[in-house]
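Working notes, beginning with the structure itself.
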Amino acid sequence: MKQILVTGATGELGTTVIETLLKTMRAENISVLTRKEERKTEFEQKGLNAFIGQYSDIETLEKAMENVDAVLLISSGDQGDRMQEHKNVINTAKKKGVKNIAYTSRSLKDKNTLVNKLMTEHFLTEDYIKKSGLNYIIFRNALYMDVLPLFVGKQVFEKGIIQPAGNGKVAYVLKGEQAEAMANALMTEKFENQTFNFTGDDAYSFYDVATALTELSGKQVIYKSVEVEPFKKIMLDNGVPKPMVKKIVGFNLDIKNGQEATVTNELQHYLGRKPTNLKEGLKLLFNL
Ligand SMILES: NC(=O)c1ccc[n+]([C@@H]2O[C@H](COP(=O)([O-])OP(=O)(O)OC[C@H]3O[C@@H](n4cnc5c(N)ncnc54)[C@H](OP(=O)(O)O)[C@@H]3O)[C@@H](O)[C@H]2O)c1
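Residue numbers (full-length UniProt numbering): 1 to 288.
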């Protein structure tokens with residue numbers, strides 16, 4: 001790989017991807033895309049090729065993909081027309097003669113039984129890449145461990161955990177480790193149409209999360225698994241907007257149904273060490 005374009009380069013995932021690439025690659029061999037002028041300048045000061053652009057603006061994508069032979073498409077957020085944005089990046093890569101594409105998908109067990117329909121767009125993007133004829137690497141990333149403080153709420157040590165996830169387990173990975181492993185794979189693999197499931201080396205339920213938080217804080221944290229309707233009422237009564245409640249319920253039901261529980265050692269291979277386990281991760285994330 002001579003020249004890689006990293007999209008989402010200013011984001012949390014993208015930042016660590018770039019930092020890791022820079023340990024081995026020359027800055028001039030890395031191109032980045034951002035919507036922010038000040039971030040473009042920062043990248044340029046570090047010697048990278050920075051482009052102002054966005055997934056919905058094909059002309060900007062074309063400029064950023066000039067003389068590029070690999071693109072890392074970091075999936076777009078779910079606010080806009082994510083599928084069309086992804087198609088724009090893939091189509092432009094094809095048009096500009098980019099040979100290789102990598103994509104950040106999600107590690108989920110069965111796309112046909114997903115409750116959170118937003119997740120199906122990852123599989124549609126995978127299919128679109130496969131049909132494009134580009135050489136690909138698909139990173140099926142586990143749920144970031146970093147989402148746990150958001151999931152369990154600021155008052156977890158006073159109120160415990162209430163979720164409709166039953167005993168469902170998640171093979172959480174810290175976002176930074178996900179990014180590091182991805183960058184290492186990008187530098188060592190040849191885009192031979194591979195799909196990697198980048199998961200933690202164990203999967204944990206909210207009972208496990210509660211136990212770990214209890215042990216780390218010395219305060220008793222209890223997880224109560226509730227049914228969907230009472231959970232929705234609690235969320236709505238707390239002022240959480242309806243679409244967000246739907247999304248949170250979808251996440252939880254997918255967890256309950258075992259969608260997030262797959263464990264592989266593929267991340268560990270590219271990370272070059274054991275991924276951070278739940279207790280170590282929660283210690284970091286909650287500053288305990
Ligand atoms: N595995 C998981 O658990 C999990 C959880 C949450 C999200 N995700 C996925 O992972 C992605 C990256 O996560 P993150 O934490 O790094 O997100 P983040 O910190 O919010 O960063 C988002 C990045 O995407 C870029 N971006 C957003 N909309 C864009 C657009 N329309 N055109 C071009 N660039 C755009 C932003 O660039 P500028 O602002 O510089 O333009 C920024 O660099 C998310 O977008 C989401 O799809 C995965």
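Think of the CB as a built atom: it goes at the ideal place given N, C-alpha and C, for glycine as much as any other residue.
Predicted, not measured: the structure shown is a model, and the values here were computed from it.
For residue i versus residue j, is the C-beta spacing smaller than 8 Å?
i: VAL115; j: ALA70; result: no
i: GLU121; j: ILE138; result: no
i: ASN184; j: TYR270; result: yes
i: ALA261; j: GLY168; result: yes
i: ALA165; j: ALA203; result: no
i: LEU134; j: MET119; result: no
i: VAL209; j: ILE162; result: no
i: THR104; j: ILE129; result: no
i: LEU5; j: ALA64; result: yes
i: LEU72; j: LEU186; result: yes
Within a Cβ cutoff of 8 Å, which residues of the same chain sit near residue i, ignoring the five residues on either side of it in sequence?
i: LYS175; result: GLU12, LEU13, THR16, TYR144, MET145, ASP146
i: LEU216; result: LYS279, LEU282, LYS283, PHE286, LEU288
i: PHE222; result: Residue 222 is actually Ile in this sequence, not Phe. Correct list, in chain order: GLY160, ILE161, ALA210.
i: GLY272; result: ASN184
i: THR34; result: ALA9, THR10, LYS40, PHE43, ALA50, PHE51, ILE52, GLY53
Report the partner residues of residue i according to the DSSP bridge assignment.
i: TYR172; result: BP columns for TYR172 are empty, so no partner.
i: ALA142; result: Answer is none; ALA142 lacks a bridge partner.
i: LYS224; result: ILE162
i: ALA70; result: ILE4, ASN100
i: GLN194; result: ILE137
i: ILE129; result: According to DSSP, which records beta bridges pairwise, ILE129 is partnered with nothing at all.
i: ASN49; result: SER31
i: residue 293; result: Since the first residue shown for the chain is 1 and the last is 288, residue 293 is missing from the structure and cannot be characterised.
i: residue 291; result: As shown, the chain starts at 1 and ends at 288. That puts residue 291 outside it, with no answer to give.
Exposed or buried, residue i, counting other C-beta atoms within 10 Å across all chains shown (16 or more means buried)?
i: ARG26; result: exposed
i: GLU38; result: exposed
i: ARG106; result: buried
i: ILE255; result: buried
i: LEU150; result: exposed
i: PRO275; result: buried
i: GLY80; result: exposed
i: GLU85; result: buried
i: THR7; result: buried
i: residue 312; result: This structure cannot speak to residue 312, because the chain is shown only from 1 to 288.
Ordered along the chain, which non-local residues of its own chain (more than five positions away) have a Cβ less than 7 Å from that of residue i?
i: ASN67; result: GLN3
i: LYS219; result: PHE157
i: GLU266; result: PHE196, ASN197, PHE198
Quick check: the stretch 230-237 against the stretch 79-91, are there 3 or more CB pairs under 8 Å? As far as the Cβ criterion goes, the stretch 230-237 does not touch the stretch 79-91, which means the pair count is below three.
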